[in-house]
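See structure below.
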Amino acid sequence: MKKFLQESKLLWIFLLIAFVASLVSADEKTDKVDKLFSKWDSTVSPGAALAIIKDGEIIYKRGYGMANLEHNIPLTSTSVFRIGSTSKQFTASCIAILALQGKISLDDNIRKYMPELPKYEKPITIRHLVHHTSGIRDYLTLSDIAALPDDHFYTPEETVELLSRQKGSNFPPGEEHLYSNSGYFLMGVIVKRASGKSLNDFAQKHIFKPLGMKNTHFHDDHTMVVKNRADGYSPTKKGFRIDMTTLDHVGDGGVFTTVEDLFLWDQAFYSYKLGKELMELIQTPGVLNNGEKLDYAFGLGINEYKGLKRVSHGGGFAGFRAQMARFPGQKFTVVCLANLGTINPSRLCLKVADIYLADKLKEPEKAPKEKKKIKAVTLSKQELEGKVGNYEDERTGEWIIISMKEGKLVFGAAGRKYALTPVSKTRFQALDAPFDNSIEFIPDEKGIIRKAKTTIEGGEDSNLVKSSLLSPLTPAQLKEYAGDYFNDELPVTYKLAVEKGSLFFKHKNAPKGALKAMDRDKFTMRWFNLEFVRDKRKRIKGFVLGAGRAANIEFVKK
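Per numbering that gives the first Met the number 0, residue 0 is the first one in the sequence shown, and the count goes up by one each step.
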């Protein structure tokens, strides 16, 4: 009996030690998490709400910073945020529900529900919209090209009209994958027309209410009062400003929710409360016409992070940023919703995963080395100068400018510049970029650099072609490009004029900007590119504009 009591006592001591150790371990982890968010954990800054989910429970939830700076309201796990494109999984789920109900087919031509859309050369199906393979131009990019004032947005009806006027597209349906907000906006319209209910009403009936997501809705009326709503902010030199929007579009975005409600959504992937068939369908990746499998399913990105399967989607709009990252094999999810446009929830979610899944994660074999461990090499001025030039992305037509400043190469793209550090004779890294970014210069058989390849963390590799060297264009040569150019799809007129030896872009609602010559008849400015078109007599008759998610837009010279 005495021996039994001693053994029982030892067992209890062991269990107590293990319990205390687990508490210490948990505290260490939460301390590390709090440190990640410490920059915003104050009463004078917007911030973020966080929920960490493991094995069906929220194991940590917190708010960091303020929901409203004017009234000193702190952020909590019940604060309501706009989640931007993280909404897309709910829109896609509504489409999937309609398909499972037999009310639509994913392979239906979208003109069956929206006959006002143009007769595309090849039919675009609902499935194309779901997987971003439709080729339809992005309406947000189109509104930028139309030079709408910052305080004006299209109404949903005007956006349908805008998309109905588009004569061209980015590519034939199913040939490529290019993220398009237009596709998901149109999916929201299709839900309404196929079901007879607004997207919000349909989602409430089939998703939000069954799961008990009481603080979640599609925000299709910007005047709606929302209890516990956080304001979105952007930084200024003196502090912060409120980001406001009158946009009433839903489908591509528009969901307002909390981290606690998203926990309920997360659990539906394990409990099958909405049905196993639905949850399996919305995690089915798309496929291109050539059979290539995509890493994008129904509003969900499906890929790997350090050897573990990850199902996730981020979003950002009007001062809000969001990310929900699920690791299904570990039943572990991180939800981060922010009300400051400069916070990066995607990166923060991964850092939280690094803390909690440290013993399960593995570094990819080709993972970039830590920046501080990179060993720079020394190249001659001649070796560096041979890499200077303008490089065109073979797929997108976008330009990257490699220049030289103070003996170093500088990488320039989309209005941003980063110094390049040589790590070999041909490979350079942008150590100051927000993401790991490298470029490999490719010499020909004579050692002359004519091509390059960029690799960006979390993005696709890009193959670049170096343009021929250009002498500065004379005012007489630039004058050939001057004039008024009109596009009837937007509709909008651009004026190009020569001033002080440069070709300037002008529009009453857009800031004047100088166009930079990249190659013969090819120019770029900030976020878009122009390629001029000549007639048989070699006279300029127009240009084709490309801007990332909206390409092949033809302007005619008046």
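Built from N, CA and C at the ideal position, the CB exists for glycine as well. Computed from a prediction, not measured in an experiment: that's the story for all the values here.
Beta-bridge partners of residue i, as assigned by DSSP
i: proline 284; result: Proline 284 pairs with nothing; no bridge assigned.
i: tryptophan 398; result: Glu391
i: threonine 453; result: Ile438, Ser461
i: histidine 506; result: Ala509
i: tyrosine 484; result: Tyr493, Lys556
i: serine 311; result: Gly300, Ala324
i: valine 225; result: Bridge partners of valine 225: none, in fact.
i: glycine 411; result: Ile400, Lys416
i: methionine 524; result: Phe527
Spatial neighbours of residue i in its chain, beta-carbon cut-off 8 Å, leaving aside the 5 residues before and after
i: lysine 557; result: Gly482, Asp483, Tyr484, Phe485, Thr492
i: valine 351; result: Val32, Leu35, Leu49, Ile51, Val333, Cys335
i: tyrosine 178; result: His131, Asp137, Arg548
i: glutamate 382; result: Lys424
i: alanine 20; result: Here alanine 20 scores only 44 on pLDDT, less than 50, and its place in the model is too uncertain to base an answer on.
i: leucine 99; result: Gly274, Glu276, Leu277, Leu280
i: isoleucine 301; result: Gln282, Pro284, Asp294, Tyr295, Lys308, Arg309, Val310
i: glutamate 259; result: Ala50, Ile57, Lys60, Ser76, Thr77, Asn214
Neighbourhood of residue i by C-beta distance below 7 Å, restricted to the same chain and skipping five residues each side
i: phenylalanine 554; result: Tyr484, Phe485, Asn486, Tyr493, Gly541, Phe542, Leu544
i: leucine 141; result: Leu161, Leu489, Ala549
i: lysine 272; result: Pro209, Leu210
i: phenylalanine 427; result: Leu408, Leu419, Thr420, Pro421, Ser437, Ile438
i: tryptophan 264; result: Leu210, Met212
i: glycine 252; result: Gly83, Ser84, Ser86, Gly314, Phe316
i: serine 181; result: Ile135, Arg136, Asp137, Tyr138, Leu162
i: serine 345; result: Gly313, Gln322
CB-CB length for residue i against residue j, believed under 8 Å
i: lysine 308; j: phenylalanine 326; result: 7 Å
i: glutamate 115; j: serine 163; result: 5 Å
i: phenylalanine 255; j: phenylalanine 80; result: 7 Å
i: isoleucine 206; j: serine 84; result: So it is not a contact: roughly 17 Å between Cβ atoms.
i: leucine 261; j: methionine 323; result: 6 Å
i: asparagine 288; j: glycine 173; result: 4 Å
i: methionine 517; j: serine 461; result: So it is not a contact: roughly 16 Å between Cβ atoms.
i: glutamate 391; j: leucine 463; result: 6 Å
i: lysine 359; j: glutamine 329; result: 6 Å
i: alanine 429; j: alanine 229; result: 33 Å between Cβ atoms; not a contact.
i: isoleucine 539; j: tyrosine 480; result: 6 Å
i: glycine 187; j: valine 249; result: 5 Å
Own chain partners of residue i with C-beta closer than 6 Å, once the 5 adjacent residues on each side are dropped
i: phenylalanine 503; result: Ala496, Lys511, Ala513
i: phenylalanine 268; result: Met278
i: threonine 453; result: Ile438, Ser461
i: glutamine 317; result: For the sequence presented, residue 317 should be read as alanine rather than glutamine. Excluding residues within five positions, the ones whose Cβ falls inside 6 Å are Gly231, Asp242, Thr244.
i: isoleucine 103; result: Leu97, Ala193
i: asparagine 199; result: His216, Phe217, Asp219
i: tyrosine 183; result: Lys87, Thr90, Gly250, Asp251
contact_flag[the stretch 37–56, the stretch 197–217] where n(CB pairs < 8 Å) is 3 or more: No, the stretch 37–56 does not touch the stretch 197–217.
Contact the stretch 226–239 vs the stretch 328–347: 3+ CB pairs below 8 Å: Yes, the stretch 226–239 is in contact with the stretch 328–347.
Runs of beta strand (DSSP E) lying entirely within the stretch 53–112, each at least 3 residues, in chain order: Counting only runs of at least 3 residues, the stretch 53–112 fully encloses the following beta strand (DSSP E) elements, listed from N- to C-terminal order: 56–63, 65–67.
Contact the stretch 118–132 vs the stretch 215–224: 3+ CB pairs below 8 Å: At 8 Å Cβ cutoff, the stretches do not touch.
The stretch 507–516 / the stretch 105–113 touching (three or more Cβ pairs under 8 Å): Of all C-beta pairs linking the stretch 507–516 to the stretch 105–113, fewer than three are shorter than 8 Å, placing the two stretches out of contact.
Inter-stretch contact (C-beta, 8 Å, three-pair minimum) for the stretch 419–428 and the stretch 400–409: Cβ pair count under 8 Å is three or more, so yes.
Three or more C-beta pairs below 8 Å linking the stretch 267–281 and the stretch 61–77: With the cut-off at 8 Å, the stretch 267–281 and the stretch 61–77 do not touch.
Uninterrupted alpha helix (DSSP H) stretches inside the stretch 181–210 (no shorter than 4 residues): If you keep only unbroken alpha helix (DSSP H) runs of at least 4 residues inside the stretch 181–210, you get 198–202.
Touching by the beta-carbon criterion (3+ pairs, under 8 Å), the stretch 466–475 and the stretch 523–530: Output reads no: the stretch 523–530 does not touch the stretch 466–475.
Contact between the stretch 296–315 and the stretch 191–206 (3+ Cβ pairs under 8 Å): Segment contact: the stretch 296–315 against the stretch 191–206, fewer than three CB-CB distances shorter than 8 Å; contact not assigned.
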